[in-house]
Amino acid sequence: MPFFALIATGYAAGRSSLLPVPAIQGLNAFVFYFALPALLLVKVSESSIGALLDPKVVAAYYGPSLLLFFGVFLLGRWLAPASVSVQALRSLAATFANVGFVGLPLAIMAFGDAAALPAVMVVVVDTVVMIGLTVGIVEADQGRGGSALRVVRIVFGGLIRNPLIIASFLGLIMAALSWRLPGPVNSYANLLGNAAGPCALFALGATLARRPLTQGMNEALTISAASLLLHPLLVWFAASQVFQLSPLFVAVLTVQAALPVAANVYVLAQRYDVRPAQASTNILVSTAIAIITLSAVLSWFHGNA
Numbered sequence: 011m012p013f014f015a016l017i018a019t020g021y022a023a024g025r026s027s028l029l030p031v032p033a034i035q036g037l038n039a040f041v042f043y044f045a046l047p048a049l050l051l052v053k054v055s056e057s058s059i060g061a062l063l064d065p066k067v068v069a070a071y072y073g074p075s076l077l078l079f080f081g082v083f084l085l086g087r088w089l090a091p092a093s094v095s096v097q098a099l100r101s102l103a104a105t106f107a108n109v110g111f112v113g114l115p116l117a118i119m120a121f122g123d124a125a126a127l128p129a130v131m132v133v134v135v136d137t138v139v140m141i142g143l144t145v146g147i148v149e150a151d152q153g154r155g156g157s158a159l160r161v162v163r164i165v166f167g168g169l170i171r172n173p174l175i176i177a178s179f180l181g182l183i184m185a186a187l188s189w190r191l192p193g194p195v196n197s198y199a200n201l202l203g204n205a206a207g208p209c210a211l212f213a214l215g216a217t218l219a220r221r222p223l224t225q226g227m228n229e230a231l232t233i234s235a236a237s238l239l240l241h242p243l244l245v246w247f248a249a250s251q252v253f254q255l256s257p258l259f260v261a262v263l264t265v266q267a268a269l270p271v272a273a274n275v276y277v278l279a280q281r282y283d284v285r286p287a288q289a290s291t292n293i294l295v296s297t298a299i300a301i302i303t304l305s306a307v308l309s310w311f312h313g314n315a
C-alpha cells in the first residue's frame, strides 16, 4: 500500500548517506511542530463540538485500553515479576499507540476527511488518560511525593508544551464558538497540514532505520502482540458490538489502536529511568511488525467498505 511504501522509502533513505541524522531530526520537528498542528487546527475547528465530545466514542476506545493496561500490568506481575514502575511502562507500551504523529494523518489518508473527527478525539484524550495514569503509578512507586496535585502538574505541563494538544484545544474553542479560519489563513493551514501524512510516514521509516536494537526482544515481541493484535481487537469489539458506532468510526478507532508504540513511552522511560533501552526496542519492534499487521487491518476495512 502507498502508506507503507512511504515508510519503506524513508527507511531506505535513512539507511543511506542521503539522509543524515540531523536531517531526520529536522523532518520530525517539521511534522511535529508545524504540519500536524496545522492539520489538527483545521480539522478540529471544522468539526461539530457535540460530536467531538461524544462519550460513546471515548468509551469505545478507552474502555478496552484501560482493560488491557491493567490486564498487562497484572499478568506481568505474575509471569515476569518486576517493579511497579516497570510494569506500568510495559502496560503503557501495550496501549499507548502512535495516534498523534502517525494515526491522525494516516486515518485521513486512508478514510478521507470524515475520519478526522474520531482520530482527533483519540489524540486529545490519550495524553490525559494513559500518560496521566502511568505518571501517577510511577510517581507513587518511586516515592517522589506522587500526590494527585504533582501528577496533575506533570501531566498539565506536558499538555501545554505539546503543539498537537495546543492546536486541538484552539480548534475546540473555535468549534464551540462556530469560528472559522479566514480564507487565506485556512488555505495556508490546509497546505501545511496536507504535508503531515507523507512527511510523518517518511520520517517514521527514516527514524526506524537509525534506531538500534539493544535488548529484550522477547518482551518486545510480547508487547507488540498486545499492542498490534489484542488492542485493536478489543477496540473493534467495543466500537462495533457494544457501542454500535458507525462503520467509519469503528474503522478509525480500530486502526488507531493497531498503531505501533508511541515515542512518548521512551520519553517517560528516560525521564524516570525505567529501562529506556527496553522502551526503545519495544518501539522499534512494534513499528517494524506494524508494517504488516496495520496493512492487513487497513486492507480488511477497505475490503469490507
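Residue numbering for the sequence shown follows my numbering, starting at 11 and increasing by one per position. All residues carry an ideal CB built from backbone N, CA and C; glycine is no exception.
Nearest neighbour of Asp64 by Cα position, chosen from Ala48, Arg163, Val135, turns out to be Val135. Within the model, the alpha-carbon separation for Ala213 versus Ala45 is close to 13 Å. For Gly113, the number of other beta carbons within 10 angstroms of its own is at least 16, and it is reported as buried.
The stretch 263-298 is shown to contain no whole beta strand (DSSP E) run of 3 or more residues.
For the stretch 114-188, the continuous alpha helix (DSSP H) assignments of 4+ residues that do not extend past its boundaries occur at 114-121, 126-136, 142-151, 158-170, 173-186, in sequence order. In the DSSP assignment, Gly110 falls outside any alpha helix (DSSP H), carrying neither H nor E. With contact defined as three or more Cβ pairs closer than 8 Å, the stretch 280-290 and the stretch 255-265 are not in contact.
In this chain, Tyr43 is not harboured by any alpha helix (DSSP H), its DSSP state being neither H nor E. In the displayed model, Phe259 falls within a helix according to three-state DSSP.
Within the same chain, and ignoring the five residues on either side of Asp151 in sequence, the residues whose Cβ sits closer than 6 Å to its Cβ are Val94, Ser95. Put simply, the backbone Cα of Asn200 is about 7 Å away from that of Val52. Under the three-state reduction of DSSP, Ser26 is assigned to coil, being neither helix nor strand. Boundaries of the alpha helix (DSSP H) around Phe212: 206-220.
Shown here, Arg87 sits in a helix according to DSSP, grouped into three states. Within the same chain, and ignoring the five residues on either side of Ala18 in sequence, the residues whose Cβ sits closer than 7 Å to its Cβ are Gly215. In the displayed model, Phe14 falls within a helix according to three-state DSSP. When C-alpha distances from Leu182 are compared across Leu127, Ile164, Gly167, the shortest belongs to Leu127. Ala230 sits close to Val295, with the two beta carbons spaced by under 7 Å. For Val195, the enclosing alpha helix (DSSP H) begins and ends at 193-203. Non-local beta-carbon contacts of Asn172 in its own chain, meaning distances under 8 Å to residues more than five positions away in sequence, involve Thr137 in chain order.
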